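What the sequence shown shows, in the numbering used here, is residues 10 to 343, in sequence order.
Where a beta carbon is used, it is the ideal one built from N, C-alpha and C, also for glycine.
Since we're looking at a predicted model, the values are computed, not measured.
See structure below.
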Amino acid sequence: MFDSDKVVLTGIKPTGMPHIGNYVGALKPMIELSQTHKTYMFIADLHSLNTIHDANTIRENTYAMAATMVAGGLNLNNAVLFRQSDIVPVYQLATLLMNVTPKGLMNRAHSYKAAVDRNAAAGLDTDAGVNMGLYTYPILMAADILLYGADIVPVGADQKQHVEFARDIAGYFNNAYGDVFRLPEPVIGRDNGLIPGLDGRKMSKSYDNTIAIFAPENELKRKIMRIITDSKTPDEPKNPDESTIFQLYKHFATDSEIAEFREMFLRGGMGYGTAKTRLFDRVNSVLGTPRSEYERLMQNRAELDAILADGAARARVVADKTIARVKRAMLGLN
Ligand code: TRP
């Protein structure tokens, strides 16, 4: 784990209620870190604007994501939970950072390059459908990271380059204007790759094989019962390491429960129906209480607003100081 004085920051795009893969891969580690570390956690609504042009969707998804974090046990004493768009200095810093960011760096961004390649393959203009929100996405992300003086940025592998860009941009800035920004470091841990979905492939919205983390009990049960298995009979020994049921169970059980379940697979005598019921019971008992809390929060928007307002107030204290230093350095203004 990181030194306790390190500032940890991450942003999560408002995708609505996350699925178990997102939760185990990205949210749960942040919730755990928040027990011991100062953490900044924001819902990156501005970053969703380049693809989602529907305000209601963004607002509702933001609430769902915030409620998930709180219901999941984010420690709000250490964690500053806020909505990205609530902090005015982040827009300001993004504009200011444009001027030390080489255009060539943006040309090399994976997500932009992927769009260009898709267009080229389709015989379209290479920039077709690319808005400046997508093109400058890494600059806004650098602003997020540098504004709060983050040391450690836990992200999925797909975001590593963006954090490296933030570090590069901080370096360009510091070279030109002196030592203003701390250099952030990406930590790749947020990965859903290991969490299988109902069909055994990685759990992902694009495969339509997900289980929403706080799905109502009957939906959770229905989905778990639909998990695809091989056709071994109840009597036959089974391989836990190739079973989606066992792989999911591991994330919700204690070491001794996991060992016992593994034994039951290897020994034979347990049918997949029984194994699924055991998985359901376990997941349902771990998620039952946070699920009720999630549902309660979603019915109490004023409470979520208050939590986000408190987070924004705490985030602003740091953001205001940073933006003042940047304006002093770049514009000679106090
Ligand atoms: N781009 C990130 C993602 O898609 C979300 C994000 C926005 C972020 N700003 C950030 C992550 C700053 C880490 C730090 O997942």
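Excluding five sequence positions before and after Gly320, the CB atoms of its chain that fall closer than 7 angstroms to its own CB belong to Val89, Leu90 and Phe91, given in chain order. If you check the CB distance, Met234 and Lys285 come in under 9 angstroms. Contact holds between the region 158 to 177 and the region 10 to 19, because three or more Cβ pairs, one in each stretch, are under 8 angstroms apart. When DSSP reads this structure, Ile96 sits in no beta bridge, so it has no partner. Here the distance from the Cβ of His46 to the nearest heavy atom of ligand 1 is not below 8 angstroms. The residues Leu342, in chain order, have a CB closer than 7 angstroms to that of Lys336 in the same chain once the five nearest residues on each side in sequence are set aside.
Bounds of the alpha helix (DSSP H) holding Ile67 are Ala64 to Ala80. Ranking Thr48, Lys22 and Phe255 by CA distance to the CA of Val16 puts Thr48 first. From the listed residues Arg300, Ala224, Leu207 and Thr219, the smallest Cα separation to Phe255 is found for Leu207.
Counting only residues of its own chain and dropping the five nearest sequence neighbours on each side, Phe261 has a CB closer than 7 angstroms to the CB of Arg291, Val292 and Val295.
The continuous stretches of alpha helix (DSSP H) do not include Leu18, which lies in the beta strand (DSSP E) extending over residues Val17 to Ile21. When distances are taken from the beta-carbon of Asp244 to the heavy atoms of ligand 1, even the shortest one reaches 8 angstroms or more.
9 angstroms or more divides the Cβ of Leu42 from the Cβ of Ile21.
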